[in-house]
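Q: Heads up, the working numbering is the position in the sequence shown plus 101, with the first residue counted as 1. Idealized CB from N, CA, C, for every residue including glycine. Just so it is clear, the structure is predicted and the values come from calculations on it, not from any experiment.
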Amino acid sequence: MTHALIVIDVQNDFCPGGALAVTGGDDIVPGLNALMEDFDAVILTQDYHPAGHSSFASTHGADPMTVTEMPYGPQVLWPDHCVIGSPGVAFHKDLDTSRADMILRKGYNPAIDSYSAFFENDHSTPTGLEGYLRTRGIERLTLAGLATDFCVNFSAVDAAKLGFEVTVRTDLSRAIDFDGSLAAAKAGMAAAGVTLSDG
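1. Taking 9 Å as the cut-off, decide whether the C-beta atoms of V253 and A293 are in contact.
2. Which ranges would you report for the alpha helix (DSSP H) in the stretch 162-245 if only whole runs of at least 4 residues count?
3. Please confirm whether R237 has its beta-carbon closer than 9 Å to some beta-carbon of chain D.
4. In angstroms, rounded to a whole number, what distance separates the CA positions of E240 and G162?
5. Could you check which residue in V295, R270 and D148 has the C-alpha nearest to that of A261?
6. Tell me, please, which residues DSSP counts as bridged to A142.
7. By the three-class DSSP mapping on this structure, what secondary structure does F157 have?
8. Would you mind stating whether D110 and Q147 have Cβ atoms separated by less than 9 Å?
9. Mind checking which residues open and close the alpha helix (DSSP H) that includes D272?
10. What are the residues that DSSP puts in a beta bridge with D148?
11. Relative to the alpha-carbon of F157, which residue among L297, N210, L263 and L283 has its alpha-carbon at the smallest distance?
12. Flag this pair as yes or no: are the beta carbons of L196 and V108 separated by less than 9 Å?
13. For the candidate residues L247, F255 and A152, whose alpha-carbon lies nearest to that of A288?
14. Using alpha carbons as the reference points, say which of A276, P165, P172 and H104 lies closest to E221.
15. Can you give the Cα-Cα distance for H150 and V184, rounded to whole angstroms?
16. Hey, G238 and T103 are a contact pair by Cβ (cut 8 Å); roughly how many whole angstroms apart?
17. Within the same chain, show all residues whose beta-carbon is closer than 6 Å to that of V168, passing over the 5 residues directly before and after it, in chain order.
18. According to DSSP, simplified to helix, strand and coil, what is L121?
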């Protein structure tokens, strides 16, 4: 019981047709469902924003995909996405949520975004996921989902810094690739000791 699969943000708004669609975001769903069978524990994360969240471009009257400075550092301003109560916040209809031991919602604090499944974007406010994994005796993590260069990347690097053995399944993740973000994310993950695997 020491190896968990963490499936990151496979939600309607990150899939084709969604508010912040990742190209091919829905292509990974069958592979993720099949992969769940190989793990003792499965955790799903869900981006979960109140309307008017501080990471939304519309909140600042700014253009989406511009960057602003927040008290905790630079923040990409996104299109409104994964708004609580909207169809976009829901998991993709074909994702097997019945296998989830835990669903972790992140980004619900209106004042701070949360890419990582472990910490909000101030890199110090914990989500509680580390404690859950520790109490279950889980030491190895495999991550996959959306998007490779943001929420998967931040989650994987934080997990490695916390001392977990971390693999990212790049074949079962898809990237936004905004302004060179995918190459930077892969380099950063490798530097943090994350294993990148294409299956």
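A: In terms of the structure at hand:
1. no
2. 230-236
3. The displayed structure is made up of one protein chain only, and chain D is not part of it.
4. 43 Å
5. V295
6. A105
7. strand
8. yes
9. It is not in any alpha helix (DSSP H) - D272 instead sits in the beta strand (DSSP E) that spans E266 to R275.
10. K207
11. N210
12. yes
13. F255
14. P172
15. 5 Å
16. 6 Å
17. P175 and V177
18. coil
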